[in-house]
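Right, one structure below, let's go through it.
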Amino acid sequence: MIGMLDEEPLLQRLGRELSVAARTVWAKHDRASDGWLPLWRHMADSGTVAGLLWDQWLPSQVHRTVAENLPGGVEEARRLAIWLATVHDIGKASPAFACQVDGLAEKMRAAGLDMPDVKRLSDRKLAPHGLAGQVLLQEWLTERYGWAGSTTIQVAIIAGGHHGVPPTFDDIRNLNVRPYLLRTPGCAPLWKAVQFELLDRCAEACGMPDLLSSWQKVKLIQPAQVLLTGLVIVADWIASNADLFPYFPQSERQSGSERVEAAWRGLDLPQPWRPHQPVEEPDALIVSRFDLPLGARARPVQVRAVELARSMTVPGLMIIEAPMGEGKTEAALAVAEIFAARSGAGGCFVALPTMATGNAMFPRMLAWLHRTVGQGRRSVLLAHSKAALNEDFAELVRAGRRAVREVNVDGGGEEWSRRGDHMVSSAELVAHQWLRGRKKGMLSSFVVGTVDQLLFMGLKSRHLALRHLALAGKVVVIDEAHAYDSYMNSYLDRVLSWLGAYSVPVVVLSATLPADRRRVLTAAYAGATSGSESEPAQAYPVVTTVEPGGLARSVKVSGSARTSEVRLERLEDDLSQLRDRLAAELAEGGCALVVRNTVDRVLETAAVLRELFGADGVTVAHARFVDADRAEKDANLLARFGPPEKSAGRPTRPHVVVASQVAEQSLDIDFDLLVTDLCPVDLLLQRLGRLHRHVRERPPRLRMPRCLVTGVDWETVPVRPASGSCRIYRLHALLRSAAVLEPYLSGQTLKLPEDISPLVQGAYGSEPVGPEAWQEAMERALEDEELHQAAQRDKAGAFQLAEVGREGRALVGWLEAGVGDAEDTRRGRAQVRDGMEALEVLVVQRRPDGTLATLPGLSKGRGGRVLPTDSQPEPKLARIVASCGLRLPFHFSVPPTIDRAIGELEAACIPAWQSPDSPWLAGELILMLDENCRTSLAGYDLHYTPSQGLEVARAE
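Set out below in structure tokens:
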């Protein structure tokens, strides 16, 4: 038998030695086939699966957390996990549960376990079987082993919470005053005898009596309770799959060993990553893992990060702050490999700010994995709501697609194909079918996703224990940490405190962080109120490390040889001045990037510049394109403005790209001149990363990097940013940014990377900055900002998980007043991001004859294809429609407009597309454009084109 201690007693003795009454207690029933599963069999299945999960799937990093306070360490933790999975459904041995199926209840009545008819137990919902099991376990532990109530609850709560939400004290009180829900009066002694008989046999089969006798004063820490709950949920879900574990009578004569062998092979879960400690020198490690050119060397920040990861007593939190283009991502992955080998982590999760950055990161992770993980299958996931549209992920889904059911013991063969310059097995990296889905996806070993997926760890939601289990076994990499506002940071800080409690290694990446923010991050992770800095706040580049429970240590790193100087200039916020200035600057050719803070400003600017440069001389990039066009546009930008070796199509005539914040990150694009609206200084530095990014020949007039800062009335005191910019970034941040930039806008040359940290520390510090005449207005803006941030923190706390509980505190009420299952919906994403709920639609065209079609102009022959309305579109067509998702702008997110818009969209619903068998389209809102790609919605006129995206105007 595979990987399981004492499995035969667990699988066989439970059934062989039980009384007739205990054998009649049922756990599962299939109405279609009338098949059923006795409780003792499900107990044995669940416990055995838990043992296999512990031995073959759960990372040792998780083992250690569960074992932290147990005298016998990991071996005792393993037995505890198996026993809890075995007994978790004991609450099904109660009248409140058993009365639900008449035929099975009658068998129990015939054996003496009398119970009322289901209609006569109208309040049975006050005794869900998880809560019932918790109460029974507490009683049994007290009577059999003399445990105190405060000790029993920290163990029994795992049974109580195995359906996703631990009970509250009110739940427990409501059941305690209704004992008839647990044992029918008149035959209560027999009910109790059967319940205790099952628990006694489970304890004996799992080798627990001696341990339970010695654990009367053991305190099970809250992180261990959470992880055990998550493990029991997974074991229960697997053991409840009728394809893997058939019901009686089909499996009645099946031996326990055969049953579990077949099920485990059928499930075929990929094993966790178990890397060996890399021994290469930092240079060799970086070069070998990331396919750098022959003779290339690692950058100083990469070398120092590797050295510090190896020097830490135990893996902990590392914050890497370095300029754009210094290889922070490669440094993080190299550190992740070292941390995983030292901590026993079984995978890696990379969190990024947007879907676009996640999509860009996914192939980079795959390339790293192919060079790093070694032999064996590994589960991989792209974690965001539109991952299925990503071609790299879709390929892995196809590789992992297989039915989860019993399979031939001998298994099947592997197919091999060429990937790049080497042959790979199609099963090396797979999106495993059982691990797909909203609840289970994060349990995959390697995950790239939006930061929401990490922040959900701090959101009180159903089955939160699964997300904690998933992340507690990984190394976590958080990219673009400067991109999050105070609302999101509130969630991030809480999540870091839990990751620290689990001793999860974490790597945080940022171009640079305010010193106060760096201290908050390290204190949240280490569980301390303060840390020690070995370098001044303005040290840069800098790597900061802190171990769980330790003090922070910051180390200045030598920069690479790459330096640059940029001249900043003011430019009035006037479109005619911008047009004339660009005409002069691009007179000898060149490519300029104009970054606007709102899409409306992007579209207004592009319209004016097309009058000068023509339609072919201006490109628009923003977030109001359908997904398919957005991906096409990103690829086009890279092909024309990317690195020299990848951008053969760079325009030879003057060209202007007018973009929103989508140009700040993820795209490796390079321009000769930059014009940008004023924004917070750290984001402005990100935008500067697109100026003279690569070595190439520049037009004579543009050989010196220059940035024109606009979007501001420069004549007022203090300066007045555009209203749209204030709506997005708020006045205080913009005024502080303008103040620290003042010397550079007045003639001082900006030196990169030398001036990056002083600018950021000055903008986000507490010392006064800027001219004296600005100070009164800046004080008012500060007061307003402090009130805003306090409101953000209060709002974030509404559904936020509590701090890690003190030792031995049970998870009772852990998720009380939570958001239910909302974490995987638009509503859930709105909980961890401060902003109005965005309305998302799928866009199609209605032709003059009334037929529907995919949008015209889509590439690869996808545009203009007729769509049925009386049936579901075939999967390929449905996928094209799904690829035309569009997030409507803020106009449609405010009440009552959002309610009106939803009502109008739902009225146009196509019933045939709403079938659950249509996963691409079911539940989606469809926006239908006319033959001119126009429509009206909630009092607004909409017009969509592949060149401009969505234009919105209030209807006249």
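Using the UniProt record's numbering, you'd call the opening residue of the sequence shown number 1 and step up by one each time.
Glycine residues also receive a C-beta, built at the ideal position from the N, C-alpha and C atoms.
Beta-carbon spacing of residue i, residue j below 7 Å
i: residue 245; j: residue 263; result: yes
i: residue 346; j: residue 186; result: no
i: residue 505; j: residue 349; result: no
i: residue 659; j: residue 595; result: yes
i: residue 74; j: residue 63; result: yes
i: residue 299; j: residue 560; result: yes
i: residue 679; j: residue 566; result: no
i: residue 901; j: residue 937; result: yes
i: residue 206; j: residue 26; result: no
i: residue 91; j: residue 132; result: yes
i: residue 507; j: residue 318; result: yes
i: residue 127; j: residue 24; result: no
i: residue 657; j: residue 609; result: no
i: residue 213; j: residue 145; result: yes
i: residue 351; j: residue 478; result: yes
i: residue 494; j: residue 800; result: yes
i: residue 756; j: residue 685; result: yes
i: residue 543; j: residue 552; result: no
i: residue 884; j: residue 855; result: yes
i: residue 228; j: residue 158; result: yes
Helix, strand or coil at residue i according to DSSP, with G and I counted as helix
i: residue 419; result: With a pLDDT of 37 at residue 419, under the threshold of 50, the modelled position of that residue is not reliable, and no figure is offered here.
i: residue 948; result: coil
i: residue 957; result: This structure cannot settle anything about residue 957, because the visible part of the chain is limited to 1 through 956.
i: residue 721; result: strand
i: residue 439; result: coil
i: residue 845; result: strand
i: residue 261; result: helix
i: residue 99; result: coil
i: residue 40; result: helix
i: residue 853; result: strand
i: residue 838; result: coil
i: residue 328; result: helix
i: residue 17; result: coil
i: residue 1044; result: The first residue shown for the chain is 1 and the last is 956, placing residue 1044 beyond what the model contains.
i: residue 319; result: strand
i: residue 217; result: coil
i: residue 82; result: helix
i: residue 648; result: coil
i: residue 425; result: Below a pLDDT of 50, predicted positions are generally treated as unreliable, and residue 425, at 33, falls in that range; the measurement from the model is reported next regardless. Of the three classes helix, strand and coil, the one that applies to residue 425 here is strand, per DSSP.
i: residue 404; result: Annotation note: pLDDT 44 at residue 404 (below 50); position unreliable, coordinate value reported separately. The answer is coil: DSSP assigns residue 404 none of H, G, I, E or B.
i: residue 51; result: helix
Bridge partner(s) assigned by DSSP for residue i
i: residue 348; result: 446, 475
i: residue 941; result: 936, 953
i: residue 622; result: Paired residue(s): none; residue 622 is not in a bridge.
i: residue 382; result: 448
i: residue 26; result: 38
i: residue 564; result: 752
i: residue 800; result: 459
i: residue 592; result: 656, 673
i: residue 556; result: 542
Whole-Å CB distance - residue i paired with residue j, under 8 Å assumed
i: residue 512; j: residue 354; result: Not a contact, Cβ separation roughly 20 Å.
i: residue 40; j: residue 198; result: 7 Å
i: residue 455; j: residue 444; result: Actually they are not in contact, since the Cβ atoms of residue 455 and residue 444 sit about 18 Å apart, beyond 8 Å.
i: residue 285; j: residue 334; result: 6 Å
i: residue 866; j: residue 853; result: 5 Å
i: residue 224; j: residue 476; result: Actually they are not in contact, since the Cβ atoms of residue 224 and residue 476 sit about 19 Å apart, beyond 8 Å.
i: residue 857; j: residue 702; result: Not a contact, Cβ separation roughly 33 Å.
i: residue 325; j: residue 693; result: 7 Å
i: residue 750; j: residue 568; result: 6 Å
Chain C within 7 Å of residue i, Cβ atoms only
i: residue 768; result: Protein chains in the displayed structure number just one, and chain C is not present.
Inter-stretch contact (C-beta, 8 Å, three-pair minimum) for the segment 76-89 and the segment 165-184: no
I'd like to know if the segment 871-890 and the segment 910-924 are in contact, where contact means that at least 3 CB-CB pairs between them fall below 8 Å. Yes, they touch.
Should the segment 621-635 be regarded as contacting the segment 656-671, the criterion being three or more beta carbon pairs within less than 8 Å? yes
With three or more C-beta pairs closer than 8 Å as the rule, is the segment 179-195 touching the segment 763-779? no
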